[in-house]
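Presented below is the structure to which this report refers.
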């Protein structure tokens, strides 16, 4: 591959016009655990697999879905530590926005700031791109919104999206099942079914994580007990 | 830059050069611009289920009342509120900043904020500014360790008390507290005592006035009673309004200047197609 000569430096374009390091970062995302998000008519749901490396790990200490503000939540696929840095930065940016404008940060603004940070790391010396793609779910004055942010710094608004290992199957499944007038409850069931599609082993409240936000504008991470209830409904 | 990833601490401390300049100007007789002080009577007490905070609502600019109904009880966290006396801008800015920091801390820990955390953030900030941030605060709330009430002075010292008053009306309010406070007050008795103390400040101190704001914080619940008491209503407003007929005002001289026509409007022919 002629590109391989240009793949060691982040800040050098290859002859075909690609930044090979970013492509590699997307591979890191593609080999991460599956996560997905669905935008319903009255809310958004995001979910992810929570496969732990060993049965000895205390699963209550691991939380993949995080809050960025009271009405915006995020899930990632890829390298967990990279997402931690981004979440921490976003939280600070949201607070700074509020201090400056006395208005809770709109979802698009927060996504844009996040994307700007990720882009910075594709055009600086001595750093590497982030090895995560984020799914940002929020509810503000413009209604429920779902955004995906990639390591390159590009962001897209989705009605439903998936990332990680099982992305093509999951996206096909979502395309078939998605309807514009879906309610939040239906969206949660669809999310669970989509995760189930590519799940190895027995799915339960302990090895998936679901976060929802409704018209009350409070992002909430479901407890394992609540997830088990939803799983029972889906059976 | 890579620095963007790490949150570096600020380089160096506060620069006091301008403070030296201000002191020198004062010695030479140049008056500094006056700023809005809150004058104020602010109080807090611990009752059987939690904490009650109270404040008056007058903001002064020297001898003038700048705001007749300002809010002196500031939100810090869902379970923590803070009354502020001193320079209004300073109390607002410092409580906003610490409230923001507490929110970030809550995201990181996943837990309810503690009053002692707010206290330490406030006192560190005020101490590092050596008293130039003129904010005297009464901080109160309820957390996992129970109800807490603290006072913070502009130089950064703090006290932990069962009942506290701050501001220009603090002596008037403290007189009421010292004679009537007991441990284990009920909610209604507590609110009544706080209102009495604030009213004492409102009526006996020039820097305090207008209405009484009260905030009751208990475990898992808070009530912000804005304008709980209005002991100073405006009583002489005429509902019919005022009408001044011609002849009320004496005319001293009259000068009429006719407007000169500067623009001539000429009706022309319609444009050729």
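Protein chains in written order, with UniProt numbering: chain E, 1 to 235; chain P, 1 to 273. Just so you know, even glycine gets a beta-carbon here, dropped at the ideal spot from N, CA and C.
Compare the C-beta of residue i with all C-beta atoms of chain E and state if any pair is closer than 8 Å.
{"i": "residue 107/P", "result": "yes"}
{"i": "residue 122/P", "result": "no"}
Are the C-beta of residue i and some C-beta of chain P separated by less than 8 Å?
{"i": "residue 67/E", "result": "yes"}
{"i": "residue 217/E", "result": "no"}
{"i": "residue 196/E", "result": "no"}
{"i": "residue 92/E", "result": "yes"}
{"i": "residue 95/E", "result": "yes"}
{"i": "residue 112/E", "result": "no"}
{"i": "residue 225/E", "result": "no"}
{"i": "residue 220/E", "result": "no"}
{"i": "residue 84/E", "result": "no"}
{"i": "residue 235/E", "result": "no"}
{"i": "residue 99/E", "result": "yes"}
{"i": "residue 1/E", "result": "At residue 1/E, the pLDDT of 44 sits below 50, so the modelled position is not reliable and the matter cannot be decided from this model."}
For the beta strand (DSSP E) holding residue i, just list the boundary residues, first then last.
{"i": "residue 227/P", "result": "221-229"}
{"i": "residue 61/P", "result": "59-61"}
{"i": "residue 175/E", "result": "No beta strand (DSSP E) holds residue 175/E; the alpha helix (DSSP H) holding it covers 167-177."}
{"i": "residue 144/E", "result": "143-149"}
{"i": "residue 75/P", "result": "73-77"}
{"i": "residue 49/E", "result": "43-49"}
{"i": "residue 219/E", "result": "Premise fails: residue 219/E is in no beta strand (DSSP E) and is neither H nor E."}
{"i": "residue 148/P", "result": "146-152"}
{"i": "residue 123/P", "result": "Counting along the chain, residue 123/P falls outside any beta strand (DSSP E), though it belongs to the alpha helix (DSSP H) covering 115-128."}
{"i": "residue 206/E", "result": "Note, residue 206/E: premise wrong, no beta strand (DSSP E); not H, not E."}
{"i": "residue 139/E", "result": "132-140"}
{"i": "residue 138/P", "result": "135-143"}
{"i": "residue 53/P", "result": "50-56"}
{"i": "residue 39/E", "result": "35-40"}
How close, in whole Å, do the beta carbons of residue i and residue j come, if the pair is a contact with beta carbons under 8 Å?
{"i": "residue 207/P", "j": "residue 168/P", "result": "4 Å"}
{"i": "residue 161/P", "j": "residue 149/P", "result": "6 Å"}
{"i": "residue 115/E", "j": "residue 155/E", "result": "5 Å"}
{"i": "residue 184/E", "j": "residue 42/E", "result": "5 Å"}
{"i": "residue 73/P", "j": "residue 53/P", "result": "6 Å"}
{"i": "residue 217/P", "j": "residue 79/P", "result": "6 Å"}
{"i": "residue 202/P", "j": "residue 49/P", "result": "Actually they do not touch by this definition, with Cβ atoms about 26 Å apart."}
{"i": "residue 110/E", "j": "residue 68/E", "result": "6 Å"}
When you compare each of the options to residue i by their alpha carbons, which one comes out closest?
{"i": "residue 228/P", "options": "30/P, 69/P, 166/P and 19/P", "result": "69/P"}
{"i": "residue 95/E", "options": "93/P, 17/P and 99/P", "result": "99/P"}
{"i": "residue 159/P", "options": "139/P, 173/P, 178/P and 171/P", "result": "139/P"}
{"i": "residue 90/P", "options": "112/P, 137/P, 222/P and 80/P", "result": "137/P"}
{"i": "residue 216/E", "options": "141/E, 234/E and 233/E", "result": "141/E"}
{"i": "residue 223/E", "options": "232/E, 211/E, 57/E and 162/E", "result": "211/E"}
{"i": "residue 97/P", "options": "124/P, 79/P, 108/P and 71/P", "result": "124/P"}
{"i": "residue 36/E", "options": "129/E, 122/E, 178/E and 125/E", "result": "178/E"}
{"i": "residue 151/P", "options": "254/P, 83/P, 211/P and 174/P", "result": "83/P"}
{"i": "residue 61/E", "options": "234/E, 122/E, 110/E and 207/E", "result": "207/E"}
{"i": "residue 176/E", "options": "161/E, 50/E and 10/E", "result": "161/E"}
{"i": "residue 170/E", "options": "13/E, 154/E, 38/E and 28/E", "result": "38/E"}
{"i": "residue 34/E", "options": "194/E, 14/E and 106/E", "result": "194/E"}
{"i": "residue 62/P", "options": "86/P, 50/P and 42/P", "result": "86/P"}
{"i": "residue 192/E", "options": "55/E, 82/E and 205/E", "result": "205/E"}
{"i": "residue 117/P", "options": "101/P, 245/P and 39/P", "result": "101/P"}
{"i": "residue 14/P", "options": "223/P, 211/P, 131/P and 226/P", "result": "131/P"}
For the alpha helix (DSSP H) containing residue i, list its first residue and its last residue.
{"i": "residue 99/P", "result": "88-109"}
{"i": "residue 109/E", "result": "107-120"}
{"i": "residue 85/E", "result": "80-101"}
{"i": "residue 196/P", "result": "187-204"}
{"i": "residue 23/E", "result": "20-30"}
{"i": "residue 192/E", "result": "184-197"}
{"i": "residue 24/P", "result": "17-27"}
{"i": "residue 237/P", "result": "Per DSSP, residue 237/P belongs to no alpha helix (DSSP H) and is neither H nor E."}
{"i": "residue 262/P", "result": "That residue, residue 262/P, is in no alpha helix (DSSP H); it is neither H nor E in DSSP."}
{"i": "residue 270/P", "result": "Premise fails: residue 270/P is in no alpha helix (DSSP H) and is neither H nor E."}
{"i": "residue 214/P", "result": "Looking at the DSSP string, residue 214/P is not in any alpha helix (DSSP H); the run it does join, the beta strand (DSSP E), is 212-218."}
{"i": "residue 234/E", "result": "224-234"}
{"i": "residue 42/P", "result": "Unbroken run through residue 42/P is the beta strand (DSSP E), 42-47; no alpha helix (DSSP H)."}
{"i": "residue 176/P", "result": "170-180"}
task = Below 9 Å between beta carbons is the criterion; list the residues of the region 44-76 of chain P that meet it against any residue of chain E, in chain order.
result = Within the region 44-76 of chain P, no residue has a Cβ that lies closer than 9 Å to any Cβ of chain E.
Chain E contacts made by the region 83-108 of chain P, where a contact means CB separation under 7 Å = Cβ contacts with chain E: 96, 100, 103, 104 and 107.
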